[in-house]
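Numbered according to this note's numbering, the sequence shown spans residues 1 to 81.
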Amino acid sequence: MFGIAIVLFESIDKSGWLALLVFVPTVGPLLVFVWTAVEVPSHHGRSRWWTAALIVPIVNLIGYWFYALTLPREQDELAFA
């Protein structure tokens with residue numbers, strides 16, 4: 001969970017050090033993953049409906065995987081520029 005939290009915080013332009021919140025007993029992981037589930041879609045210009053897919057247990061495993069595969073890649077953006 002620590003590595004995933006680092007990647008999520010880095011993707012929303014926050015310090016990866018915030019991932020240390022995962023180690024706070026009981027509420028740490030919940031706080032981190034709720035926070036990133038709300039911030040990630042808005043940071044990437046996606047619909048807020050993505051928050052529901054990223055926050056619901058079990059569904060979020062598929063949601064993050066699908067979300068990552070549907071993000072535009074830098075090479076795609078450069079080709080259209």
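Glycine included, every Cβ here is placed at the ideal spot set by N, Cα and C.
On a predicted model such as this, the values are computed, not experimentally measured, just so you know.
- Query: Contact check, Ala5 vs Val38 under 8 Å by CB: the rounded distance?
  - Reply: Ala5 to Val38, Cβ: 14 Å. No contact.
Can you tell me the Cβ-Cβ gap for Leu8 and Thr26, rounded? I've got them flagged as a contact below 8 Å. Actually they do not touch by this definition, with Cβ atoms about 20 Å apart.
CB contact flag (Ala53, Gly45, <8 Å):
no
Practice problem: Starting from the C-beta of Arg48, find all residues in its chain whose C-beta is less than 8 Å away, skip the five residues before and the five after it, and write them out in chain order. | Solution: Pro41, Ser42
Margin query: Using 8 Å for Cβ pairs, my map puts Gly16 next to Glu10. What's the rounded Cβ distance?
Written below: 5 Å
6 Å CB neighbourhood of Trp50 in its chain, flanking five on each side removed = Pro41
Exercise. Give the DSSP-derived three-state secondary structure of Pro41 in the structure shown.
Key: helix
Please decide whether Pro41 counts as near chain B, where near means a Cβ-Cβ distance under 8 Å.
-> Among the protein chains of the structure shown there is no chain B, as only one such chain exists.
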